[in-house]
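Colleague: One structure follows; several queries about it will come next.
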C-alpha cells in the first residue's frame with residue numbers, strides 16, 4: 002500500500018467519523034457557524050486523493066482555536082481528538098513514512 006492510499010484511508014477512516022460527530026453536535030447545540038466550519042473540512046477530507054490534498058483541511062482545522070468559537074466540553078474533546086489525529090497524519094506525511102502507525 003503506498004503512502005497516498007495509507008494517509009487518505011487513515012483520514013477517511015479515523016477523521017471523517019469524528020468530523021461527522023462534530024457537525025451533528027454543532028447542529029444540536031444550535032451553532033451553524035461551527036457546523037459549516039466542520040462541514041467544509043469534512044468535504045475537503047472526503048475528496049482528498051493525494052497526501053497534499055489533506056494539507057488544506059488540516060491547516061483549516063488548526064485555525065479552530067482562533068475563530069472565536071465557543072465549544073462545549075463534548076465538542077472540545079472531539080476536536081482535540083481530531084487535531085491529534087490530523088497532526089499524526091501530517092507528521093507521517095512530512096516524514097515520508099509509508100504507513101500510519
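Residue numbers (this note's numbering): 2 to 102. From the three backbone atoms N, C-alpha and C, an ideal C-beta is built for every residue, glycine too. Note that the coordinates shown come from a computational prediction; the quantities given were computed from them, not determined experimentally.
1) Would residue 87 pass as a contact of residue 68 if the rule is Cβ separation under 8 Å?
2) Could you say which of 57, 8 and 38 lies nearest to residue 22 if we only look at CA atoms?
3) Which of helix, strand or coil does DSSP assign to residue 95?
4) Output the boundary residues of the alpha helix (DSSP H) element that contains residue 43.
5) Helix, strand or coil for residue 86, going by three-state DSSP, please let me know.
6) Is it right to say residue 58 is buried, meaning 16 or more other beta carbons lie within 10 angstroms of its own, or is it exposed?
7) Along the alpha helix (DSSP H) that carries residue 59, what are the first and last residues, could you check?
8) Which value, in whole angstroms, describes the spacing of the CA atoms of residue 70 and residue 45?
9) Within the continuous alpha helix (DSSP H) that includes residue 23, where are the two ends?
10) Taking 6 Å as the limit between beta carbons, can you name the residues of its chain near residue 91, skipping five residues before and five after?
11) If you count every other CB in all the chains shown that lies within 10 Å of the CB of residue 102, and 16 or more means buried, which is it?
Modeller: On the basis of the coordinates in this document:
1) As a first step, residue 87 is located in the chain shown; it is residue number 86 there, counting from the start. As a first step, residue 68 is located in the chain shown; it is residue number 67 there, counting from the start. Not a contact, by the Cβ cut-off of 8 Å.
2) On the chain shown, residue 22 is found 21 positions in, with the first residue counted as 1. Residue 38 is the option with its Cα nearest to residue 22.
3) Along the chain shown, read from residue 1 onward, the residue named residue 95 stands at position 94. Reduced to three states, the DSSP call for residue 95 is helix.
4) Stepping through the chain shown from its first residue, residue 43 is reached at position 42. Here the alpha helix (DSSP H) through residue 43 covers 33 to 47.
5) On the chain shown, position 85 is the one that residue 86 refers to. Helix, per DSSP.
6) Taking the first residue of the chain shown as 1, we reach residue 58 at position 57. Classification of residue 58: buried, given that the 10 Å Cβ count is 16 or more.
7) On the chain shown, residue 59 is found 58 positions in, with the first residue counted as 1. Residue 59 -> alpha helix (DSSP H) spans 56 to 63.
8) Walking along the chain shown from the start, residue 70 turns up at place 69. Walking along the chain shown from the start, residue 45 turns up at place 44. Approximately 21 Å between the Cα atoms of the pair.
9) Here residue 23 is taken as the residue at index 22 of the chain shown, counted from 1. Element bounds for residue 23: 17 to 29.
10) On the chain shown, position 90 is the one that residue 91 refers to. Closer than 6 Å at the Cβ level, and outside the excluded window around residue 91, lie 59.
11) Residue mapping note: residue 102 aligns to position 101 of the chain shown, counting from 1. Low per-residue confidence applies at residue 102: pLDDT is 47, beneath 50, and the placement is therefore not dependable, though the value from the model is reported in the following sentence. Exposed: under 16 other Cβ atoms inside 10 Å.
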